[in-house]
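*Asks:*
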Amino acid sequence: MVYKKGIYLILTLLFLGTGISDIYARTFDRIIAYVNDDVVTKRELDVLVNQRAMELQQVYRFSEREALNEAERQRSELLDRLIRQMLLLEAALTLKITVSNIEVEQYVKDFKDRYQIETDEEFKKQLNQEGMTLVAFREQSERNLKTEKLVMGRIVPRLQIRDKEIQEFYEENRDQLSTKVDKVNLRHIFVAFKPNEADRDAAYENVAKARNEIETSGAKFETAAKRYDTSQQAGSLIPATIEELNQFPDIFQKSLTNLEIGTISEPIVGDKGLYVFTVEDRTEASIGFRYFIVPLIASPEAIQEAREDANEIYAQLEAGEDFNKLALTRSDDHETRENGGDLGVRSLSELNPKTRTVVEPLETGAYSQPYETELGLHIFKVDQRNSPELTELEKAQITSLLRQQRFQEEWDAYTNKLLENAYIKITLKE
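So the sequence shown is numbered by my numbering: it starts at 30 and just counts up by one.
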């Protein structure tokens, strides 16, 4: 997990006491940094590292070992943060910022709630384990509050987020918001790779072999199917209601409607090859069937011819010819060409990833260049595009995130100016 300094109000408590006993203790501790007239000792940084480890355990659910290792890795970052906090406190004292006892008490209470500390005795015990007294903790709380007031006055007023920024963030990160993907009313013209006569003869021969294995040699339909069709569903039993069957492509309905139980259909040419069906059971309300497809593989010459046809159709579109009319006369998609190639309304997330890369950049009314797949070439057209709008809750969430980012930027910029005008000398050895 990456440690972030600035998650909005960055001012988490630093366990650094400045009581009389601590002053004497620091005399015998190794100094690791000089900050104007003050110093940072190794013990102070060690306490801060231990505090970070405790936070990782209690808030972020790290194991004890993971928390200690991660906190130790952050030692230099924690020192940098500590130095910036010290400069902020110095600026707050210079500006004579004050806090009340009530504010200090609330700060202490919030801290105890954050770490789920239920009793004062438990709180004192944990403070003692960190080498800190309750008096020193309250003093540090007061200093932190002064620093926080400085930040609230100097940085928070700069955190206004405009609607334009929310929309820009949304547009840039829409891919990560699964419910905010555009829907498009899509059309296409499909130019299929059409196998030559030799290719067709080879496919029909494979169908004949499969049927012979089933009818003569006693092979199971699903076994023979998988020999000639490598797709996952080849030969699998598909149960469906009559209503569900009506949702299948026309080739299924035409083939299965009158096919008797146990009979193997003649091969039927479809978009993916030669379809072969058999029915295992049938009632008035349902049907159980199997099928496989022997692909019709086009020759290189046929593929080149299809490419030339697709380029010709694209040129006609560029010359101003109507997309719907060209789909009606030139498309090889028998399911859609009568409707001008209409594929209906599709969410971009539903499309094949490669198809999406072609369709997503298209504006309303625009069409793509020929896009090649295993079966042929498509020219897509977007009739209409609908972009879902942000809800008020989503706007509030984005605003909060942008304010966090803006706060970190402003906090860095403000403390960088303090660093520029301060005397800093670090003697910490890595």
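Don't be surprised by glycine CBs; every beta carbon is placed ideally from N, CA and C.
Thinking C-alpha only, which one of 180, 107, 283 and 192 is nearest residue 423?
*Replies:* When only C-alpha atoms are compared, the closest one is 192.
*Asks:* What are the start and end residues of each continuous beta strand (DSSP E) run of 3 or more residues lying completely inside the stretch 87 to 118, in chain order?
*Replies:* Segments of the beta strand (DSSP E) lying fully in the stretch 87 to 118: there are none.
*Asks:* State buried or exposed for residue 231, treating a residue as buried only when at least 16 other CB atoms are found within 10 Å of its CB.
*Replies:* It counts as exposed.
*Asks:* Give a yes or no on whether the C-beta atoms belonging to residue 393 and residue 411 are separated by under 7 angstroms.
*Replies:* It is a contact, given that the beta carbons lie within the stated cut-off.
*Asks:* From this set, 263, 265 and 282, which residue's C-alpha is nearest residue 272's C-alpha?
*Replies:* Residue 282 is the option with its Cα nearest to residue 272.
*Asks:* What runs of the beta strand (DSSP E), each 3 residues or longer, lie entirely inside the stretch 181 to 240?
*Replies:* If we require 3 residues or more, the beta strand (DSSP E) runs fully inside the stretch 181 to 240 come out as 212 to 221.
*Asks:* Using the Cα positions of residue 446 and residue 439, report the straight-line distance between them to the nearest angstrom.
*Replies:* Approximately 11 angstroms, taken between the alpha carbons.
*Asks:* I want to know whether the stretch 400 to 415 touches the stretch 227 to 243 - three or more CB-CB distances under 8 angstroms.
*Replies:* In short, these stretches do not touch, since the Cβ pair count stays below three.
*Asks:* Can you tell me which of the three DSSP states residue 52 falls into?
*Replies:* Reliability fails at residue 52, whose pLDDT of 41 lies under 50, so the model's placement of it is uncertain and the value that follows must be treated cautiously. Of the three classes helix, strand and coil, the one that applies to residue 52 here is helix, per DSSP.
*Asks:* Could you check how far apart the C-beta atoms of residue 399 and residue 328 are, in whole angstroms? I think they sit under 8 angstroms.
*Replies:* About 19 angstroms; that fails the 8 angstroms criterion.
*Asks:* Compute the distance between the beta-carbons of residue 153 and residue 163, then report whether it is under 7 angstroms.
*Replies:* Their beta carbons are under 7 angstroms apart, which means residue 153 touches residue 163 by this criterion.
*Asks:* To the nearest angstrom, report how far apart residue 174 and residue 453 are at their CA atoms.
*Replies:* Whole-angstrom Cα-Cα distance: 24 angstroms.
*Asks:* Which runs of the alpha helix (DSSP H) spanning at least 4 residues fall entirely within the stretch 404 to 449, listed in chain order?
*Replies:* The stretch 404 to 449 contains these whole alpha helix (DSSP H) runs: 421 to 449.
*Asks:* May I ask you to list the residues that DSSP assigns as paired with residue 375?
*Replies:* In DSSP, residue 375 forms a bridge with 213.
*Asks:* Based on Cα-Cα distance, which residue from 151, 371 and 401 lies nearest to residue 336?
*Replies:* For the residues 151, 371 and 401, the minimum Cα distance to residue 336 belongs to 401.
*Asks:* Along the alpha helix (DSSP H) that carries residue 386, what are the first and last residues, could you check?
*Replies:* 382 to 388 is the span of the alpha helix (DSSP H), which, as asked, contains residue 386.
*Asks:* Give me the Cα-Cα distance between residue 270 and residue 264, rounded to the nearest whole angstrom.
*Replies:* Rounded to the nearest angstrom, the two C-alpha atoms are 19 angstroms apart.
*Asks:* In the DSSP assignment, find the unbroken alpha helix (DSSP H) run with residue 256 in it and report its ends.
*Replies:* Counting along the chain, the alpha helix (DSSP H) containing residue 256 begins and ends at 250 to 257.
*Asks:* Which value, in whole angstroms, describes the spacing of the CA atoms of residue 185 and residue 106?
*Replies:* Computed Cα separation, rounded: 23 angstroms.
*Asks:* Once you ignore the five residues that flank residue 156 on each side, which residues in its own chain have a CB closer than 7 angstroms to its CB?
*Replies:* If we look at residue 156 and ignore the five residues flanking it on each side, its Cβ neighbours are 162, 163 and 166.
*Asks:* One question on the structure: do residue 78 and residue 100 come within less than 7 angstroms of each other, judged by their Cβ atoms?
*Replies:* Contact flag set, yes.
*Asks:* Got a sec? Which residues, its chain only, sit under 7 angstroms from residue 427 by beta carbon, not counting five neighbours each side?
*Replies:* Hits under 7 angstroms: 195, 198 and 199.
*Asks:* Give a yes or no on whether the C-beta atoms belonging to residue 133 and residue 177 are separated by under 7 angstroms.
*Replies:* No, the Cβ-Cβ distance between residue 133 and residue 177 is not below 7 angstroms.
*Asks:* What distance in whole Å lies between the Cβ atoms of residue 239 and residue 305, which are believed to be in contact at a cut-off of 8 angstroms?
*Replies:* Contact flag correct, Cβ pair sits at about 7 angstroms.
*Asks:* In terms of residue numbering, what span does the beta strand (DSSP E) encompassing residue 320 cover?
*Replies:* Here the beta strand (DSSP E) through residue 320 covers 315 to 323.
*Asks:* From 187, 127, 113 and 256, pick the residue whose C-alpha is nearest to that of residue 431; which is it?
*Replies:* Among 187, 127, 113 and 256, the Cα nearest to that of residue 431 is on 187.
*Asks:* Name the residue from 322, 67, 325 and 366 whose alpha carbon lies nearest to the alpha carbon of residue 113.
*Replies:* Nearest C-alpha to residue 113: 67.
*Asks:* May I ask you to list the residues that DSSP assigns as paired with residue 307?
*Replies:* Note: residue 307 sits in a beta bridge opposite 293 and 319.
*Asks:* Using the beta-carbon count (16 or more within 10 Å), is residue 302 buried or exposed?
*Replies:* When all chains shown are included, residue 302 counts as buried.
*Asks:* In chain order, what residues of the same chain have a beta carbon less than 6 angstroms from the beta carbon of residue 370, not counting five sequence neighbours either side?
*Replies:* So the list reads 216, 217, 218, 356 and 360, once near-sequence residues are dropped.
*Asks:* Just how far apart, CA to CA, sit residue 381 and residue 388?
*Replies:* Cα-Cα distance, rounded: 10 angstroms.
*Asks:* Assign residue 294 to one of two classes, buried (16 or more other C-beta atoms within 10 Å of its C-beta) or exposed (fewer than that).
*Replies:* Looking at its Cβ environment, which holds 16 or more other Cβ atoms inside 10 Å, residue 294 is buried.
*Asks:* Give, in chain order, every unbroken run of the alpha helix (DSSP H) that is at least 4 residues long and sits entirely within the stretch 259 to 293.
*Replies:* Complete alpha helix (DSSP H) runs here, min 4: 271 to 274 and 279 to 285.
*Asks:* Can you give the Cα-Cα distance for residue 316 and residue 348, rounded to whole angstroms?
*Replies:* Roughly 49 angstroms between the two C-alpha positions.
*Asks:* Between the C-alpha atoms of residue 222 and residue 292, what's the straight-line distance to the nearest angstrom?
*Replies:* So the alpha carbons of these two residues sit roughly 31 angstroms apart.
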